[in-house]
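The numbering used here puts the last residue of the sequence shown at 291; the count rises by one with no breaks. Note that the Cβ used here is the ideal one computed from N, Cα and C, for glycine as well.
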Amino acid sequence: MTAHVNPQEKAAFIQEEIRAFVRNSPLNRMPDADDDFIFDEPLVQFADGNDSIFNDYKKIIDPSHLTPREALAAAYEKSPGDLPAQLSVVSWILPITGKTRESNRPQKRVPSRLWVYTRWYGEKLNEALRAHVVEVITERGYLATAPMLQPYFKRMDNYAGPLSNWSERHIAYAAGLGTFSLSDGFITERGIAHRCGSVVTDMPLPISPRTAQTPYSNCLFYVNNECRECIPRCPAGAITEQGHDKIRCRDYQHDEIGYIRQRYGVEVAGCGLCQTGVRCEFKNPAKKLKV
1 MTAHVNPQEK
11 AAFIQEEIRA
21 FVRNSPLNRM
31 PDADDDFIFD
41 EPLVQFADGN
51 DSIFNDYKKI
61 IDPSHLTPRE
71 ALAAAYEKSP
81 GDLPAQLSVV
91 SWILPITGKT
101 RESNRPQKRV
111 PSRLWVYTRW
121 YGEKLNEALR
131 AHVVEVITER
141 GYLATAPMLQ
151 PYFKRMDNYA
161 GPLSNWSERH
171 IAYAAGLGTF
181 SLSDGFITER
191 GIAHRCGSVV
201 TDMPLPISPR
211 TAQTPYSNCL
221 FYVNNECREC
231 IPRCPAGAIT
241 EQGHDKIRCR
251 DYQHDEIGYI
261 RQRYGVEVAG
271 CGLCQTGVRC
281 EFKNPAKKLK
291 V
């Protein structure tokens, strides 16, 4: 891709590469006889890699959380100041299919088989997608990295519970793809039931606007105190009007329902009950409200 191609054309190219990969990859298929898709068509937007919000995340999440500049510099063993002035972040949402969401709605204590497969096999697709986006960008002469695939990516704990030094949800917020919720999920225009991913690059890309007025503008609990549907959906009691207890949530998945991993032959099963059977499952319920 030559230098004279404008940022909008580059963006269209990246968006189509991501959509085509998800549409055509055999990894986006359930590992059973019916061969259903795991994810629907992705949402793709872009953030300014120099946005001050990434420095804010060091206070909001943890001081260890990387800025895009730090992430790209570490991947290439460079000083952050040696990178080009302009950086971009590609962020995407992989909406979970209706069949999988429907299978999880009646569940009360453990996730459905399709939901477990989506968490495990769907993230394998997401990892391959990250690598693919890095490849198509670097083939065109730009720097690119997927922080979650790098050796420096870390999961850890602090006083509030588990965290990582690169939060895909917070990257998606920076790219204007949605807002957070009472359950700590991320509500997009396609709802809260999804996986997300990102790549940092020096490819010039147009910045997607953040139209939400607050970090919780898509959650009806924060908008008008109207919705609490995720609270009774949580079998761990980890969601209250005070928010999401990440430690209780994590312990329930690891200890109380850890046997699910063995039942379905996976290493990570998730839960996702709070993301189905709720108003924000597959849409932004606050879209028509002025927030």
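* How long is the line joining the alpha carbons of E102 and I60, rounded to whole angstroms? -> One-based indexing of the sequence shown puts residue 102 at position 102. One-based indexing of the sequence shown puts residue 60 at position 60. For E102 and I60, the distance between alpha carbons rounds to 34 Å.
* Asked: From Y216 to I187, what does the alpha carbon distance come to, in whole angstroms?
  -> As a working mapping, residue 216 is identified with position 216 in the sequence shown. As a working mapping, residue 187 is identified with position 187 in the sequence shown. Cα to Cα, the separation comes out at about 9 Å.
* In the DSSP assignment, what are the bridge partners of C196? -> For the purposes of this step, residue 196 is identified with residue 196 of the sequence shown, where counting begins at 1. Looking at the DSSP assignment, C196 forms a beta bridge with I93.
* **Simplified DSSP assignment, three categories, for A75** => Position 75 of the sequence shown holds residue 75. Looking at A75 - three-state DSSP - the assignment turns out to be helix.
* Using the C-alpha atoms, what's the distance from H244 back to N225? -> Your numbering for residue 225 matches position 225 in the sequence shown. Your numbering for residue 244 matches position 244 in the sequence shown. Each residue's Cα considered, the two are about 16 Å apart.
* Inter-residue spacing [alpha-carbon to alpha-carbon] between D255 and I247 -> Taking the first residue of the sequence shown as position 1, residue 255 is located at position 255. Taking the first residue of the sequence shown as position 1, residue 247 is located at position 247. Going from the Cα of D255 to the Cα of I247 covers about 12 Å.
* Asked: Taking the C-alpha atoms as reference points, what is the distance between N28 and P7?
  -> By 1-based counting over the sequence shown, the position of residue 28 is 28. By 1-based counting over the sequence shown, the position of residue 7 is 7. Rounded to whole angstroms, N28 to P7 spans 29 Å at the Cα level.
* For I14, three-class secondary structure by DSSP -> To locate residue 14, count along the sequence shown from 1; it is residue 14. Helix.
* Determine the contact status of I171 and S91, defining contact as a CB-CB distance below 8 Å. => Translated into positions along the sequence shown, residue 171 becomes position 171. Translated into positions along the sequence shown, residue 91 becomes position 91. Yes, the Cβ-Cβ distance between I171 and S91 is below 8 Å.
* Quick one: what's got a C-beta closer than 6 Å to L114's C-beta in the same chain, skipping five residues either side? -> Translated into positions along the sequence shown, residue 114 becomes position 114. Answer for L114: T100, S103, listed in chain order.
* To do: Classify S88 as buried or exposed, calling it buried when 16 or more other Cβ atoms lie within 10 Å of its own Cβ.
  => To locate residue 88, count along the sequence shown from 1; it is residue 88. Label assigned to S88: buried.
* **Exposed unless 16 or more other CB atoms sit within 10 angstroms - verdict on L43** => Along the sequence shown, one-based indexing puts residue 43 at 43. The residue is buried, with at least 16 neighbouring Cβ atoms inside 10 Å.
* Can you tell which of E9, M203, F39, V5 has the C-alpha that lies nearest to the C-alpha of A20? -> Position 20 of the sequence shown, counted from the start, is the residue given in the question as residue 20. It is F39.
* Under the DSSP definition of a beta bridge, which residues are partnered with M156? -> In the sequence shown, the residue the question calls residue 156 occupies position 156. BP columns for M156 point to L163.
* Give me the Cα-Cα distance between W166 and A160, rounded to the nearest whole angstrom. => As a first step, residue 166 is located in the sequence shown; it is residue number 166 there, counting from the start. As a first step, residue 160 is located in the sequence shown; it is residue number 160 there, counting from the start. Looking at the two C-alpha atoms, the distance is approximately 16 Å.
* Asked: Quick one: what's got a C-beta closer than 6 Å to A144's C-beta in the same chain, skipping five residues either side?
  -> Residue 144 sits at position 144 when you count from the first residue of the sequence shown. V134, I137, T138, V199, T201, listed in sequence order.
* **Simplified DSSP assignment, three categories, for G176** => Position 176 of the sequence shown, counted from the first residue, corresponds to residue 176. Note: G176 maps to coil in three-state DSSP.
* Can you tell me where the beta strand (DSSP E) with D48 in it begins and where it stops? -> Along the sequence shown, one-based indexing puts residue 48 at 48. It spans 43-48 - the beta strand (DSSP E) in which D48 sits, taken as one unbroken run.
* Asked: CA-CA distance, A193 and Y142?
  -> The residue labelled residue 193 in the question sits at position 193 within the sequence shown. The residue labelled residue 142 in the question sits at position 142 within the sequence shown. Approximately 32 Å, taken between the alpha carbons.
* To do: For the beta strand (DSSP E) containing L221, list its first residue and its last residue.
  => Counted from its first residue, the sequence shown places residue 221 at position 221. Checking the sequence shown, residue 221 turns out to be Phe, not Leu. Careful: F221 lies outside any beta strand (DSSP E), inside the alpha helix (DSSP H) at 220-224.
* **Closest residue to R140 among E168, L163, R250, M203 (Cα-Cα distance)** => Locating residue 140 in the sequence shown gives position 140, counting from the first residue. Looking at the Cα atoms, M203 is the closest of the given residues.
* Which of the three DSSP states, helix, strand or coil, is assigned to G191? -> The sequence position of residue 191 within the sequence shown is 191, counting from 1. Of the three classes helix, strand and coil, the one that applies to G191 here is strand, per DSSP.
* How about I68 and F46: are their beta carbons less than 8 Å apart? -> What you label residue 68 is simply residue 68 of the sequence shown in a count that begins at 1. What you label residue 46 is simply residue 46 of the sequence shown in a count that begins at 1. It is Pro, not Ile, that sits at residue 68 in the sequence shown. No, these two residues do not count as a Cβ contact at 8 Å.
* Near P162, which residues of its chain fall below 7 Å by C-beta distance, leaving aside the five closest residues on each side in sequence? -> Mapped onto the sequence shown, residue 162 falls at position 162. Cβ neighbours of P162 beyond the five flanking positions: R155, K246, R250.
* Asked: In this structure, does DSSP put T100 in helix, strand or coil?
  -> Counting from 1 along the sequence shown, the entry for residue 100 is found at position 100. Helix, per DSSP.
* C-alpha gap between P206 and E16, whole angstroms -> By 1-based counting over the sequence shown, the position of residue 206 is 206. By 1-based counting over the sequence shown, the position of residue 16 is 16. Computed Cα separation, rounded: 15 Å.
* Asked: For I257, does the three-state DSSP call read helix, strand or coil?
  -> In the sequence shown, the residue the question calls residue 257 occupies position 257. Of the three classes helix, strand and coil, the one that applies to I257 here is coil, per DSSP.
* When burial is assigned at 16 or more other CB atoms within 10 Å of the CB, is A174 buried or exposed? -> Residue 174 sits at position 174 when you count from the first residue of the sequence shown. Buried.
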